[in-house]
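In the numbering used here, the protein residues as written are 11 to 221.
See the structure below:
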């Protein structure tokens, strides 16, 4: 599939560490029912076989609602389980290598913190960018901050869509409006909430005025 801007409006990244006594499948479905348009499965501490098994469960849920499932970092696992794509960080496998192996219909997202990184990602075949951290992030304590001006500059320099990420909440998202990004990506703002569905609804309303 080729990812579209509408798929990136509210992009939720899983994190079991911030979840409050909910199984992941239920949490993801609640997030989607609340307005999440793309889900990234991020699991740093499990084996590839376990990742593939978990992704298979989430794929059924995501595709039931026509929501893409993206795997964090591990493009080989993403291909094996039939996920829609992968998101890679700056120090992960090169986008060009993944594109060569996976082909044109596999979604590749790439992290970019500078204009140079954004241009390289686009030239290498990335479908979208994750740009941040735009606010202090509770899930990545040492994340490099970028300003709204940096975000705007990165969005202007590429033709692929960009998603703002890093510490975004319903309360602070207004301060990055108008920067050119097509959506926001969140972790704890959705998956760390007591009521995941309600948290997603509030974010959608804060950003777009509707769920």
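Built from N, CA and C at the ideal position, the CB exists for glycine as well.
CB of residue i within 7 Å of CB of residue j, strictly
i	j	result
residue 94	residue 104	no
residue 98	residue 120	yes
residue 112	residue 122	no
residue 217	residue 167	no
residue 45	residue 20	yes
residue 75	residue 42	yes
residue 147	residue 153	yes
residue 82	residue 52	yes
residue 207	residue 40	yes
residue 137	residue 118	yes
residue 139	residue 172	yes
residue 199	residue 179	yes
residue 186	residue 174	yes
Distance between residue j and residue i (C-alpha atoms, nearest Å)
i	j	result
residue 71	residue 215	23 Å
residue 211	residue 142	22 Å
residue 31	residue 38	13 Å
residue 197	residue 90	25 Å
residue 170	residue 106	15 Å
residue 87	residue 68	14 Å
residue 181	residue 145	12 Å
residue 35	residue 159	37 Å
residue 73	residue 63	16 Å
residue 115	residue 219	32 Å
residue 65	residue 56	12 Å
residue 80	residue 58	15 Å
residue 183	residue 176	11 Å
residue 48	residue 22	6 Å
residue 15	residue 188	16 Å
residue 61	residue 13	22 Å
residue 201	residue 33	11 Å
residue 165	residue 54	29 Å
residue 133	residue 96	17 Å
residue 135	residue 92	20 Å
residue 100	residue 209	29 Å
Residues bridged to residue i [DSSP beta-bridge criterion]
i	result
residue 97	82 and 119
residue 50	23 and 80
residue 141	122 and 174
Q) If you scan the stretch 144-200 from start to end, which runs of the beta strand (DSSP E) of 3 or more residues do you find wholly inside it? A) 172-175 and 193-196
Q | contact_flag[the stretch 185-194, the stretch 22-35] where n(CB pairs < 8 Å) is 3 or more | A | no
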